[in-house]
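One structure is given here, and the rest of the page talks about it.
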Amino acid sequence: MLQPRGPGAQSIADLWWLMFGLGVVIYTGVVTLAIVAAIRQRQTHFAPPDKDPAPGRSHALIVVGGVIMPTIVLIILIVATFQVIFPVEAHPDEQPVVIEVTGHVYWWEVRYPDHDVVTANEIYIPVGEPVTFRLFARDVIHSFWVPELHGKMDMIPGRVNTHYIQADEPGVYRGQCAEFCGLQHALMAFYVVAVPREEFDAWALQQRAPALEPETPLAQRGRDVFVAASCAYCHAIRGTDAETPGVGPDLTHFGSRMSIGAGTLPNTPGHLGGWIANAQASKPGNLMPPVQLSSEDLLALVEYLRGLQ
Ligand code: CUA
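This is the structure we're talking about:
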C-alpha cells in the first residue's frame with residue numbers, strides 16, 4: 055500500500071502519510087503535555103488543593119486544545135480526504151479495456167467481455183492505461199483489493215460496483231480479498247499482471263482460443279480422465295466435452311497460470327497432483343472435493359492440465 059505503482063494508490067498513500075504525520079505530531083504533543091503535567095503535579099503536591107492559581111489560563115487551554123485545535127485538524131483531514139476520494143473513483147474518458155470479476159468462495163472469476171476471454175485468479179492488464187473493473191459476487195460479500203494499484207472495492211451479491219485501476223509500471227501485483235468471507239478468506243488471492251499493450255493483445259488472443267489438443271498419449275489419457283471423472287461437473291475446458299460448467303474456475307488455459315487455488319500454491323506438477331487428490335488438505339473448506347484416481351490417471355491428468363498453455 056505504501057509502495058504505490060498507480061495513480062489511485064499514489065493519492066491514497068499521500069493521504070495516508072498526511073494522516074500519519076498529523077497523528078505523530080498530535081500524539082507527541084499530548085504525551086509531552088501529560089509528562090509536563092505529571093512532573094508539575096509532583097512539584098506542587100503539598101500546595102493547598104482548593105485554589106487554582108490561574109483559572110483563566112486553564113479555561114483558555116481547554117478552549118484551544120479541546121475545541122479550536124481539533125476543529126482545525128478535522129477540517130484539514132476532511133478537505134484532504136474529499137480531494138482524494140472523488141477523483142480516485144472518477145470515470146476516465148477512455149475505457150478501452152473492461153474486465154468483469156466475480157468473487158466466489160474462495161476464488162475469482164475473470165471475464166473480458168470484449169475479448170471473449172474467461173479465466174480465473176490472474177488478471178492481465180495493459181500498463182499505463184486506465185482499466186475498468188465491473189465487480190460482482192456470486193455468494194457472499196468479498197472485496198477486491200490490489201494494494202499497490204488502488205484502494206478496496208466491495209463485491210456485493212446483486213450489485214455491480216465499478217472500479218478503475220491503472221498500473222504505471224509493468225509487473226505482477228498481488229491482490230487479496232479484503233472482506234471476511236469465510237474459512238479461506240485469507241487464501242483468496244489473485245495476481246494482476248501489467249504488461250505492455252502488444253503483450254496484452256497477444257495474451258488475450260491466446261486466452262480466447264480453445265484448449266490446445268493434447269500432444270502425448272499420456273496427455274490424451276489425461277483429457278479422457280478429466281471428462282470422465284468428476285472434474286467436468288464443475289470446471290470447463292473450452293474445446294472439450296467439458297464446455298459449460300462454471301461452478302469452479304475455467305481451466306482452458308490453466309497451464310499458463312502462476313498459481314493453484316487462488317494464490318494458495320505455485321502451479322507445479324507436484325502441487326497440482328496433491329491439489330487434485332485432496333484440495334482440502336491445502337485449503338480446508340474450499341468447494342473442491344477430493345478426487346479418487348489411480349496414480350496413472352492422476353499423472354495423466356496433471357500432464358494434460360500442465361499442457362493447457
Ligand atoms: Cu472473499 Cu474474503
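At the far end of the sequence shown sits residue 363, using our numbering, and the numbering has no gaps.
Built from N, CA and C at the ideal position, the CB exists for glycine as well.
None of these values were measured; they are calculated from a predicted model.
Using 8 Å as the cut-off, classify the Cβ of residue i as near or not near the heavy atoms of the ligand CUA, replying yes or no.
i      : result
Glu16  : This structure cannot speak to residue 16, because the chain is shown only from 55 to 363.
Val159 : yes
Gly339 : no
Ser197 : yes
Gly324 : no
Met342 : no
Met55  : no
Gly302 : no
His239 : yes
Met242 : yes
Gly110 : no
Gly236 : yes
Taking the alpha-carbon positions, what's the residue i to residue j distance?
i      : j      : result
Val159 : Gln149 : 29 Å
Gly302 : His289 : 5 Å
Gly276 : Asn321 : 17 Å
Gln64  : Pro271 : 52 Å
Met342 : Ser336 : 11 Å
Met73  : Val185 : 29 Å
Leu56  : Leu203 : 10 Å
Arg311 : Glu176 : 7 Å
Pro250 : Val181 : 5 Å
Leu76  : Arg188 : 35 Å
Ala354 : Pro201 : 39 Å
Pro141 : Gly120 : 33 Å
Phe280 : Val133 : 57 Å
Trp71  : Tyr227 : 22 Å
Pro211 : His196 : 9 Å
His169 : Asp255 : 9 Å
Got a sec, what are the start and stop residues for the alpha helix (DSSP H) residue i sits in?
i      : result
Gly75  : 61-97
Pro124 : 123-142
Arg188 : That residue, Arg188, is in no alpha helix (DSSP H); its beta strand (DSSP E) goes 185-191.
Phe254 : 251-262
Ile330 : 323-331
Tyr166 : First-last for Tyr166: 161-166, but that is the beta strand (DSSP E), not the alpha helix (DSSP H).
Contact check, residue i vs residue j under 8 Å by CB: the rounded distance?
i      : j      : result
Glu223 : Arg96  : With 8 Å as the limit, Glu223 and Arg96 do not qualify as a contact, their Cβ atoms being about 56 Å apart.
Ile80  : Val127 : 7 Å
Gly293 : Pro264 : 3 Å
State the start and end residues of the unbroken beta strand (DSSP E) segment that holds residue i.
i      : result
Glu223 : Looking at the DSSP string, Glu223 is not in any beta strand (DSSP E), and its letter there is neither H nor E.
Ala174 : 171-174
Arg292 : Premise fails: Arg292 is in no beta strand (DSSP E) and is neither H nor E.
Using the Cβ count rule (16 or more neighbours within 10 Å means buried), how would you classify residue i?
i      : result
Glu267 : exposed
His145 : exposed
Asp304 : buried
Glu357 : buried
Phe368 : Because the chain here runs from 55 to 363, residue 368 falls outside it and cannot be looked at.
Tyr287 : exposed
Glu297 : exposed
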